[in-house]
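Step one of this worksheet: look at the structure below.
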Amino acid sequence: MQHLDPESLGLLALGEDLGDDAADHLRSCASCAADYAGLRRAVLAAKPGPPDATALEPPGPQVWAGIHRSLGLSTAVAADPIGSPASWRSRPPAPAPLPPQTPAGPPTPLPSREEQPGRKREPGGGSGWIRRPGVWLAAAAATALLAAGVFWSVQQNQPAVTPLAQTELAPVAQHSATGSARVVETKDGQRTLEVKVDKNEARGYQEVWLIAPDLSRLVSLGVMTSESGTFAVPAGLDLGEYPIVDVSDEPVDGNPAHSSVSIVRGTLDS
18 MQHLDPESLG
28 LLALGEDLGD
38 DAADHLRSCA
48 SCAADYAGLR
58 RAVLAAKPGP
68 PDATALEPPG
78 PQVWAGIHRS
88 LGLSTAVAAD
98 PIGSPASWRS
108 RPPAPAPLPP
118 QTPAGPPTPL
128 PSREEQPGRK
138 REPGGGSGWI
148 RRPGVWLAAA
158 AATALLAAGV
168 FWSVQQNQPA
178 VTPLAQTELA
188 PVAQHSATGS
198 ARVVETKDGQ
208 RTLEVKVDKN
218 EARGYQEVWL
228 IAPDLSRLVS
238 LGVMTSESGT
248 FAVPAGLDLG
258 EYPIVDVSDE
268 PVDGNPAHSS
278 VSIVRGTLDS
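Residue numbers (this note's numbering): 18 to 287.
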């Protein structure tokens, strides 16, 4: 079982529908579900309106102090523009959205910038908010703090892994690709095999296998569509009995057996 890639997890967190296969995997894979939960909290925290202090842990004032120091800003903007969670809760709620207008005829052209009432032109052109450094500095700070919060949230939800075994992958026969493989275990006991090769030399497609030392027994872990992949190791499979990692070149012929054409191979060291 191959895990969902970061792009798919990000789209799911944003509310995109990637089909039943992605949804089923998310329900059955604790690792991907944890990553999704962290990204989803970041999306909810970034929605318009007053920040939700429960969605992400707010960064301390030292974060803005570091930004202020690195950018060499003036003392006029030394105060943390985001403030504390208590100040978030004291802010008035965002105004309700205006109801949509129902056009009663041809749309009325908008007045030109010079004709718009109440619009004050800045000397030399440009909108006033662009020319006020305090406004865009606060906006830049908010963006930086939100990015830091998203990174912190994702990192907090990354499952801790314990390396169990690893090997270097050497080319087989006429091939020249090399790579590496390692088996890691998460806190919940799930084992995965992480495989990397420096190039894809398959004429058909790459398939990843665990093989017994005498090459008489083998277990397919799945198809690797790029130069790296992560594969679930079946529960109960003894890596001591299947220590050889093999990436094969498989033709698109519908035959599930090994093609006998290996690209790279290596033996796991526990």
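Cβ atoms here follow ideal geometry from the backbone N, Cα and C, with glycine treated the same way.
- Of the other Cβ atoms in all chains shown, fewer than 16 fall within 10 Å of the Cβ of E185; this residue is therefore exposed.
- Residue pairing for K213: DSSP places it in a beta bridge opposite S197 and S245.
- The residues Q223 and V225, in chain order, have a CB closer than 6 Å to that of M241 in the same chain once the five nearest residues on each side in sequence are set aside.
- Judged by DSSP in its simplified three-state form, Q19 adopts strand.
- For P180, the uninterrupted beta strand (DSSP E) segment begins and ends at V178 to P188.
- Rounded to whole angstroms, C49 and H20 show a C-alpha spacing of 7 Å.
- Sorting D205, H42, K213 and H192 by C-alpha distance to the C-alpha of Q183 places K213 at the top.
- In the three-state reduction of the DSSP assignment, E24 falls in the helix class.
- In the structure shown, the three-state DSSP call for L88 is helix.
- In the DSSP assignment, L61 falls within the alpha helix (DSSP H) that extends over A47 to A62.
- In the structure shown, Q79 falls within a helical segment according to DSSP collapsed to helix, strand and coil.
- Residue E267 holds the alpha-carbon nearest to the alpha-carbon of N217 among P180, E267 and S91.
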